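Asks:
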Amino acid sequence: MEAYFDLSVLTYGAPIFFKGALATITFCVVATLFGFPLGTLIALCRFSKLRILRGFALAFVEPFRNTPFLVQAFLIYFGLAQLGIRMSPVVAGAIILTIYSSALFAEAIRGGILSVPRGQMESARAVGMPYATAMRRIVFPQMLGYMAPASTNVIITLIKDSAALAVITVPELAMAAQTVMGDTFRPVEAYLIAAVVYWLITTGTGAGISYVANRMDTLRKIRLSQSSTGRVGQ
Amino acid sequence: MLTGLPELLEATQTTAVASILAIALALVIGLATAAARQSQWLILRKIAGFYVSVIRGTPLYIQILGIYFLLPSLGIDIPRFATGVIALGLNSGSYISEMIGGAVTSISKGQTEAARALAMPMSTIQRRIILPQALRLMLPPLTLEFTALVKNSAFLSIIGVVELTRTAQQIISVSFQPTQTWIAVAIIYFVLCFVLGLVARYLERSFSVQAAR
Chain D
169 MEAYFDLSVL
179 TYGAPIFFKG
189 ALATITFCVV
199 ATLFGFPLGT
209 LIALCRFSKL
219 RILRGFALAF
229 VEPFRNTPFL
239 VQAFLIYFGL
249 AQLGIRMSPV
259 VAGAIILTIY
269 SSALFAEAIR
279 GGILSVPRGQ
289 MESARAVGMP
299 YATAMRRIVF
309 PQMLGYMAPA
319 STNVIITLIK
329 DSAALAVITV
339 PELAMAAQTV
349 MGDTFRPVEA
359 YLIAAVVYWL
369 ITTGTGAGIS
379 YVANRMDTLR
389 KIRLSQSSTG
399 RVGQ
Chain L
22 MLTGLPELLE
32 ATQTTAVASI
42 LAIALALVIG
52 LATAAARQSQ
62 WLILRKIAGF
72 YVSVIRGTPL
82 YIQILGIYFL
92 LPSLGIDIPR
102 FATGVIALGL
112 NSGSYISEMI
122 GGAVTSISKG
132 QTEAARALAM
142 PMSTIQRRII
152 LPQALRLMLP
162 PLTLEFTALV
172 KNSAFLSIIG
182 VVELTRTAQQ
192 IISVSFQPTQ
202 TWIAVAIIYF
212 VLCFVLGLVA
222 RYLERSFSVQ
232 AAR
């Protein structure tokens, strides 16, 4: 193999990489849309009065945090197959990534809830608000502001770790690189292009989320200063 | 009963050795990168920033395969294990450089100013005033990074390094017991990472107690 960059890999692989990138983005969007509410439930379990719920949340989150995603994918995909539950790689990939994302979000949300000052919950309870309402209307909205950086991290981790799904032949971006490599026999170019595409997706996502978070922050401040009688907005 | 348990335990050693070598490499790379990012030369700062951005923005899976195929095409022929350790070290080094950068900037400016006032040269200040304090701050996150590295070492299996994950695949191809084997592998990783996590928490607590005094 010669050490030069073969441009024909790019022209040949462009449609394959494009499809792969779309698939990776779709997988991560699905995993985020389902993983966030699931993660919220698990995080709420961590704060439950019931010991069994707290135990369940810990028993769910810790294994996902302390084992490689690769092993999780193998275990769920081949483990379920051995039990007679056979899924297509696409379905399996979406399910595996969603479970993983719910564990990651659960930790991020737990951190977010903890960073809301305790007095917020206590005063809401003191004025007679039920726990669930206080959580939903007082703690949760504030938590979203605190956890913007953590959620960005989770989503970018999802994008990157989803590459490991290629080992169970889920058709996404890393798999696209493998396909192009097999077709062109130019592995260095194939993985370099894939790296560039991943880098564009992750930096784009990071910039996008921080833009939206800043906008929301500014809008909220404007709204607060308009609606207040001059005390809240200051 | 699970077949291949002794092999799995033996392969755990390979995982551990690879992780330890990689974290050592990552510390060197991280320190060099953090220094480069504070350098007075723009080009060094740019290169270091680019390296961190690329590594943090792309999957380790792609990095390992990319390096695995890139090295021979550059005429460098080294064993897979070495390739894997280099890839893991390069990956982790970028995260560690961010940690070092964060810890160094969180050391109060008064420390540098006081040392300057005593006519200490800048390089000595870095080495004897800033770094020792920053290291103490960094030890808990560094332990967590080591946990991440142990988990990431599973990716070495895709380039054929016979560590824990690869050994599991080999055992399964003979025993046809994927569920049992993967659960056993998950438990081994869990124990390694969970213990490291406890160490990190212990370090954090003991340092915050010291700081409070």
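Residue numbers (our numbering), protein chains in the order written: chain D, 169 to 402; chain L, 22 to 234. Glycine included, every Cβ here is placed at the ideal spot set by N, Cα and C. Computed from a predicted structure; not experimentally measured.
Counting C-beta neighbours from all protein chains within 10 Å, is the total for L/G181 16 or more, i.e. buried, or is it exposed?
Replies: Here the question's residue 181 of chain L lines up with position 160 in the second sequence. That one is exposed.
Asks: Tell me the rounded alpha-carbon separation between D/A331 and D/L265.
Replies: Walking along the first sequence from the start, residue 331 of chain D turns up at place 163. Walking along the first sequence from the start, residue 265 of chain D turns up at place 97. Rounded to the nearest angstrom, the two C-alpha atoms are 11 Å apart.
Asks: Grab the span of the alpha helix (DSSP H) containing L/K9 for me, first residue to last.
Replies: A question about residue 9 of chain L goes unanswered here, because the residues of chain L that appear run from 22 up to 234.
Asks: Mind pulling the chain D residues with CB within less than 7 Å of L/V220?
Replies: One-based indexing of the second sequence puts residue 220 of chain L at position 199. By Cβ distance, chain D contributes nothing, its closest Cβ being about 13 Å from L/V220, past 7 Å.
Asks: Where does L/T24 sit, in a helix, a strand or coil, going by DSSP?
Replies: As a first step, residue 24 of chain L is located in the second sequence; it is residue number 3 there, counting from the start. The answer is coil: DSSP assigns L/T24 none of H, G, I, E or B.
Asks: Which residues of chain B have a Cβ atom closer than 7 Å to the Cβ of L/V206, listed in chain order?
Replies: No chain B is part of this structure, whose protein chains are labelled D and L.
Asks: Which first and last residues belong to the alpha helix (DSSP H) in which D/T235 is found?
Replies: Reading the first sequence from its first residue, position 67 is the one you call residue 235 of chain D. Premise fails: D/T235 is in no alpha helix (DSSP H) and is neither H nor E.
Asks: Would you say the region 207 to 220 of chain L touches the region 165 to 179 of chain L, given that touching needs at least three Cβ pairs under 8 Å?
Replies: Segments in contact, yes.
Asks: Comparing the C-beta of L/Q102 with each C-beta of chain D, is any distance below 8 Å?
Replies: Here residue 102 of chain L corresponds to residue number 81 of the second sequence, with the count starting at 1. Residue identity check: residue 102 of chain L is Phe in the sequence provided, not Gln. Chain D contact via Cβ: absent.
Asks: Got a sec, what are the start and stop residues for the alpha helix (DSSP H) D/K187 sits in?
Replies: On the first sequence, position 19 is the one that residue 187 of chain D refers to. Note, D/K187: alpha helix (DSSP H), S176 to R214.
Asks: Under a CB-based cut-off of 8 Å, is D/T235 close to chain L?
Replies: As a first step, residue 235 of chain D is located in the first sequence; it is residue number 67 there, counting from the start. Taking Cβ atoms only, chain L reaches closer than 8 Å to D/T235, which makes this a yes.
Asks: Pull up the distance between the alpha-carbon of D/A342 and that of L/Q59, whole angstroms please.
Replies: Here the question's residue 342 of chain D lines up with position 174 in the first sequence. Here the question's residue 59 of chain L lines up with position 38 in the second sequence. D/A342 and L/Q59: Cα-Cα distance of roughly 34 Å.
Asks: Among D/V239, D/A262, D/A375 and D/I281, whose alpha-carbon lies nearest the alpha-carbon of D/T194?
Replies: The residue given as residue 194 of chain D occupies position 26 in the first sequence. Looking at the Cα atoms, D/A262 is the closest of the given residues.
Asks: To which residues of the same chain is L/L42 closer than 7 Å at the C-beta, ignoring the five residues directly before and after it?
Replies: Reading the second sequence from its first residue, position 21 is the one you call residue 42 of chain L. Excluding positions up to five away in sequence, the list reads V106.
Asks: At 7 Å on the CB atoms, spell out the chain D contacts of L/S90, in chain order.
Replies: On the second sequence, position 69 is the one that residue 90 of chain L refers to. Sequence check: residue 90 of chain L is Phe here, not Ser. Ordered by position in chain D, the residues that pass the 7 Å Cβ test against L/F90 are P355, V356 and Y359.
Asks: Would you report the Cα separation of D/P205 and D/M384, rounded to the nearest angstrom?
Replies: One-based indexing of the first sequence puts residue 205 of chain D at position 37. One-based indexing of the first sequence puts residue 384 of chain D at position 216. Going by the C-alpha atoms only, they are around 20 Å apart.
Asks: Looking only at its chain, what residues have a beta carbon closer than 8 Å to the beta carbon of L/Q201, apart from the 5 residues adjacent to it on each side?
Replies: In the second sequence, counting from the first residue as 1, residue 201 of chain L sits at position 180. If we look at L/Q201 and ignore the five residues flanking it on each side, its Cβ neighbours are L23.
Asks: If you measure beta-carbon to beta-carbon, which residues of the region 166 to 180 of chain L are closer than 9 Å to chain D?
Replies: Listed in sequence order: T168, V171, K172, N173, S174, A175, F176, S178 and I179.
Asks: Is any non-hydrogen atom of the ligand FAD found closer than 7 Å to the C-beta of L/I68, if you look at the structure I gave you?
Replies: As for the ligand FAD, it is missing from this structure, which has no ligand bound.
Asks: Which residues bound the alpha helix (DSSP H) around L/G181?
Replies: Position 160 of the second sequence, counting from 1, holds the residue named residue 181 of chain L. First-last for L/G181: undefined, no H or E at that position.
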